[in-house]
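Heads up, the thing below is written out as C-alpha cells.
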Amino acid sequence: MDKAKIRVLIAKPGLDGHDRGAKVIARALRDSGMEVIYTGLRQSPEDIVEAAIQEDVHFIGLSILSGAHTHIFPKVIELLKEHKAEDIKIIAGGIIPNQEIPKWKEIGIDAIFGPGTSTIDIIDYINRSVK
Amino acid sequence: MKTNELISKLKQNDVRAVARLLTLIENEDKNVEAVLKNIWPLTGKSYIIGITGPPGAGKSTIVDLLAKMALKNNFKTGILAVDPTSPFSGGAVLGDRLRMNSAQKAGIFIRSVASRGHLGGLASTTRFMINGLEMLGNNITLVETVGAGQGDVEIVKVADTTIVVEVPGLGDEVQAQKAGILEIGDILVVNKGDRPGSDRLAKELKMMLSLGEHKKWTPPIITTTATKDLGIDELWNQIMNHREHLENEEINQTRLGKIKYDLENQLSQHLYTRKLIQIGENEIENMAERIFNRDIDPFTAIEEIIKQ
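From first to last, the protein sequence lines stand for chains A and B. So that you can map any letter, position 79 of the first sequence is 79 in the working numbering, and since no number is skipped, the others follow by simple counting. So that you can map any letter, position 186 of the second sequence is 1186 in the working numbering, and since no number is skipped, the others follow by simple counting.
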C-alpha cells in the first residue's frame, strides 16, 4: 500500500465568504503530500457528506467563522452516521469558542484547531491518526 | 471492507463500495486485482466522453453542464476529474468539484483524481477507475483531464468521444496548425464565446480542419459560453451525433484497439516488474553507472539484462 495517500475534504459551510483559512490549510496539506479536495464556499452538510463519501476521504475539514457550527457540526455527524460512514473523521477550524470544545469533541468532532494553530500541528495530527 | 463483502456490495451498485474500489485502484492495492477480475464482465457498459484543453478553459464548468444535460436525457452519469499532483510534495489540491455544483446537487457521483506523477493528462489508473465507476450502473462516464498542454493526448486512448476545449487569446493560427491536442478532438469547443477573439478562433480552427485530409467524421466546432449556459445544447447534440456515427461505423473496432493498447502497456509493465524482482534494483543502478562511465553502451546493457 505504499501508493496510498491521505485524502482530506476541505469545506467551508455556512454563509460567510471568509475562505482564506480554508485555502491556507488546503495548501499546507497539499505541501505535506496529501490529496485535498477543495469544495469551496456555502456547502450544505448534505453536500459535504455526499462529497466525502464519493471521494472516500479520511478526514473532513470544516472551516466555520460565522457561528453556524452549532447547527452544522451535529448535522454532519448525523448524516455520516446515516450513511454508515462514521469512519470518516471530522476536524474543524475557524471561530469555535474554547468553552464549547469539550462538548463538540464528545459528540464526534475529532479535533478543533483555532486561530493561531500552526499548520504543522494539523498535519502531524492527521498523519498520526491515519497511521 | 473485506474483498468478498466489497464485491457483493459493488454488485448492488453501493456508492460507498464504488468509492472504496476507486481508492484501491488508484492506490494499486494488492487486493484490487481479485476484485477487478470478479467484476470485469459487468464493466465496459458506459459511453465515455473525454474533456480536455488548457488550464482555465472552462472544462469543469462544461462537464457540470453536460452532466445536467445527460440527466435531462435520462442517462445516468459518473464523473472522473483529474488534476495534477505536485511533483515536489506528491500532494494535490483537487478543485474541479468546485465548479460542479449542479451535478453535485443532482446527486451525480463525482470523483476527483490526482494524476500521481503520470504524464499525458490522466492518471495511470484512469482506465480501471472508469471500470470501477461503472459499478454504479451509469451509462455515461465524463472524464475531465488535467489542464492539458500540447502533448497531453492520452484521453483519446480512453474516451469514445473526445472534446477539446479551447479559448480565445492563447496564440495565433500557427498554434492551430501544430500537431497534438487539437488533432485528437472529435468535437472542438471554443469556450468563453463572449470574449473578443472567439469568432476568429472558431474560424481559424475551421480553416485548420479544412486543410487536413478528409475523414468520415469532420469535427464540428461549437462556440459556448459555459458560465451563461450557452451553446451546451448544441454540444450535447453533437456528442450524440458522434456516438451515432461511431455505432454505425466503428465503435467496437476502436474500443478493441484501445484495449489492445492497454494490454500492451500492462504487459510491458508486468514484464519489467518481474525482471526487476529477478535481477534486483541494484543491477539497474550498476548498469546505469557503467553506461555513464562509458564502460558499456545502452544497447548491450539491455541485452545483458535480458539474458540474466
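Where a beta carbon is used, it is the ideal one built from N, C-alpha and C, also for glycine. Because the structure is a prediction, the values reported are computed rather than measured.
For B:Glu1028, the neighbours in chain A by C-beta distance under 7 Å run, in chain order, Lys3. Contact of A:Gln99 with chain B by beta-carbon distance below 7 Å is absent, the smallest such distance being about 34 Å.
When C-beta atoms of the region 1060-1067 of chain B are compared with those of the region 1229-1236 of chain B, three or more pairs fall below 8 Å, so the two segments count as touching. Per DSSP, the unbroken alpha helix (DSSP H) holding A:Val130 starts and ends at Thr119 to Val130.
Counting along the chain, B:Asp1262 sits inside the alpha helix (DSSP H) bounded by residues Ile1251 to Ile1279. Listed in chain order, the non-local C-beta contacts of B:Leu1136 below 8 Å within the same chain comprise Asn1013, Val1015, Val1018, Lys1076, Gly1078 and Phe1109, local neighbours out to five positions each way being set aside.
Taking C-alpha positions only, B:Gln1150 is separated from B:Gly1120 by approximately 10 Å.
As the crow flies, the alpha-carbon of A:Leu62 is around 49 Å from that of B:Ala1288. In this structure, B:Ile1187 sits near B:Val1164, with a CB-CB distance shorter than 9 Å.
Taking all protein chains in view, the Cβ of A:Val24 is surrounded by fewer than 16 other Cβ atoms within 10 Å, so the residue is classified as exposed. Contacts with chain A at 9 Å (Cβ-Cβ) do not include B:Arg1127. B:Trp1040 counts as exposed, since fewer than 16 other beta carbons sit within 10 angstroms of its beta carbon. Per the DSSP secondary-structure output, A:Ile37 pairs in a beta bridge with A:Leu9 and B:Leu1094. The C-beta of B:Ile1110 comes closer than 9 Å to at least one C-beta of chain A. Excluding the 5 residues flanking it on each side, A:Tyr38 has same chain C-beta neighbours closer than 6 Å at Ile10 and Ala26, in chain order.
Taking C-beta separations shorter than 6 Å and ignoring five residues to either side along the sequence, the partners of B:Ser1102 in its chain run Asp1064 and Lys1068, following chain order. B:Gly1132 carries a helical assignment under DSSP once its states are collapsed to helix, strand and coil. Looking at the backbone, the Cα of A:Phe59 and that of B:Glu1250 are separated by about 45 Å. For the options B:Glu1026, B:Lys1037, B:Glu1028 and B:Asn1241, the alpha carbon positioned closest to that of B:Asn1004 is the one of B:Lys1037. The Cβ atoms of A:Arg7 and B:Ser1086 do not sit closer than 9 Å to each other. Taking a C-beta distance under 9 Å as the contact criterion, B:Ile1051 and B:Thr1145 qualify as a contact pair.
The three-state secondary structure of B:Gly1050, taken from DSSP, is strand. Close to chain B, meaning a Cβ-Cβ distance shorter than 8 Å, are the following residues of the region 20-51 of chain A: Ala26, Arg27, Leu29, Arg30, Asp31, Ser32, Gly33, Met34, Glu35, Val36, Ile37, Tyr38, Thr39, Gly40, Asp47, Glu50 and Ala51. Counting along the chain, no alpha helix (DSSP H) covers A:Gly93; the unbroken beta strand (DSSP E) around it starts and ends at Lys89 to Gly94. Beta bridge pairing from DSSP links A:Phe59 with A:Val8 and A:Lys89. With a threshold of 9 Å between beta carbons, A:Arg128 makes no contact with chain B. In the DSSP assignment, the residues bridged to B:Ser1112 are B:Ala1081. Judged by their CB atoms, B:Lys1192 and B:Ala1148 are not nearer to each other than the 9 Å cut-off.
DSSP places A:Thr70 within a helical segment (H, G or I) once states are collapsed to three.
Close to A:Ile120, with beta-carbon spacing below 8 Å, lies no residue of chain B; the smallest spacing is near 14 Å. Not a single C-beta of chain B is nearer than 9 Å to the C-beta of A:Lys81. Between B:Ser1089 and A:Ser32, the gap from beta carbon to beta carbon is short of 9 Å. Taking a cut-off of 8 Å for Cβ pairs, the region 1272-1283 of chain B and the region 1256-1264 of chain B do not touch, as fewer than three such pairs fall below it. According to DSSP, B:Gln1012 shares a beta bridge with no other residue. Looking at the DSSP output, B:Thr1225 bridges to B:Leu1230.
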